[in-house]
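First to last, the protein sequences are chains A and B.
Read left to right, the first sequence gives residues -12 to 112 (our numbering).
Read left to right, the second sequence gives residues 651 to 842 (our numbering).
Below is one structure; the comments refer to it alone.
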Amino acid sequence: IGTNEWLRIGSTFHSLHAIAAEAAPRRLPGNKNSYGADDGIEEIEAGGLVLRCFQTRTGMKFVITAEPGTPDIDYVLREIYVLYTDCALKDPFYELEMPIRCELFAQGVDALIERVEKAASIGKR
Amino acid sequence: MSKSTSASASGHALWTKMPKANAELFALTYGALVTELVRDYENIPDIHQQLEKIGHSMGVRCVDEFLAKAELAGVSLPPCGKLKDTAEMVAKMGFKMFLGVTADVAHVTDSGFSLLLQENPLSLFCELPEQYAQLKYSNLYCGVVRGALEQVNLKVECTFVKDTLHGDETNEIKVELKEVLQDGAGDDYKEE
């Protein structure tokens, strides 16, 4: 999927996330949830997929899609946040809000996913 | 009282987890940066503005790191109900985590607070010459605080009001809250 597609998907999700808070039957004060971040879509469960969104208090959203029943998605999202702050934010050539093209970040995320998958498969056995 | 001591304890816990750099190298690198700015810009207000701008770019990145690492360390960060809580977080946890020094909070009102820094790691070896005696050497801090708070929707203005390099007994940064920004879908989508 090309960068433009990703940008389109990302911006669609961003808008849906915000509108969901408006359309929700129970509105939280100031539209902020108990964590302090903006209220909005946290999880979408569909036939063959689960989509989880982690919103930081700075308004950044981390979205992950996985197979239903995958454990530790929250942990993965938080780890990715740490990787983002360590690899992407500290890269002097990374501009905020631009697509992330940092080697270190990609390597970190790959390593994290491998680690989690290995742990999950050991757990299953 | 117990809230501020637990903030200090959390700040210390975060500080221990951060990779450390040589304090002298840090101070001297900053000194070199300021010297370059002094060479590039003729007048002092421009230098202040540049330092603040550099600080701002740093601040917007620092706050994400603070929030992420605090999660990881299991430090609980309850949402700040009042500006006083924000001030405590910045002073006891933010400054401690990144610089290793805690700041004190003073003059807290609903629209502002002051950060008091007893020791300033940036100005370790600094002496201001006569023609730059009015230079706010550590104006970077003002930018960092402004940038960091901007990311969490607090628009503030920071100024250095007291500086040990100017002969005062402590460093004081005044932070004034200008407005609280709103995120979200915007007014078009609000129900009537």
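Every residue, glycine too, gets a C-beta built ideally from N, C-alpha and C.
The model shown is predicted, which means the values in this text are computed figures rather than measured ones.
For residue 83/A, the C-beta contacts it makes with chain B under 7 Å involve 710, in order along the chain. Buried is the label assigned to residue 43/A, since at least 16 other Cβ atoms lie within 10 Å of its Cβ.
DSSP places residue 822/B in the strand class (E or B) of the three-state scheme.
Counting only residues of its own chain and dropping the five nearest sequence neighbours on each side, residue 677/B has a CB closer than 8 Å to the CB of 771, 772, 773, 774, 775, 776. The secondary-structure analysis by DSSP pairs residue 91/A with nothing; it has no beta-bridge partner.
Shown here is that no member of the segment 661 to 675 of chain B has a Cβ falling below 8 Å from a Cβ of chain A. Cα atoms of residue 16/A and residue 832/B: separation of roughly 13 Å, rounded to the nearest angstrom. Residue 745/B is classed as buried because its beta carbon has at least 16 other beta carbons within 10 Å across all chains shown. Looking only at 792/B, 754/B, 769/B, 664/B, the smallest Cα-Cα distance to residue 741/B is reached by 754/B. In the structure shown, the three-state DSSP call for residue 51/A is strand. In the DSSP assignment, residue 685/B falls outside any beta strand (DSSP E) and within the unbroken alpha helix (DSSP H) covering 673 to 690.
Residue contact with chain A for residue 768/B: absent (no Cβ-Cβ distance below 7 Å to any residue of chain A).
Between residue 713/B and the set 793/B, 821/B, 830/B, the nearest pair of CA atoms involves 793/B. Residue 43/A reaches chain B at 714, 717, counting residues in chain order whose Cβ is nearer than 7 Å. In the DSSP annotation of this structure, residue 754/B is not part of any alpha helix (DSSP H); the continuous beta strand (DSSP E) holding it starts and ends at 754 to 759. Between the segment 58 to 66 of chain A and the segment 99 to 108 of chain A there are three or more inter-stretch CB-CB distances shorter than 8 Å, so the stretches are counted as touching. A direct Cα-Cα distance of roughly 26 Å separates residue 765/B from residue 724/B. For residue 809/B, the secondary structure class from DSSP, reduced to helix, strand or coil, is strand. Our two residues, residue 670/B and residue 738/B, have alpha carbons roughly 23 Å apart in a direct line.
Interface flag for residue 95/A against chain B is unset, since no Cβ pair is found closer than 7 Å. For residue 660/B, the closest alpha carbon among the candidates 822/B, 827/B, 719/B, 797/B is that of 719/B. Residue 733/B has a beta carbon lying at 7 Å or more from every beta carbon in chain A.
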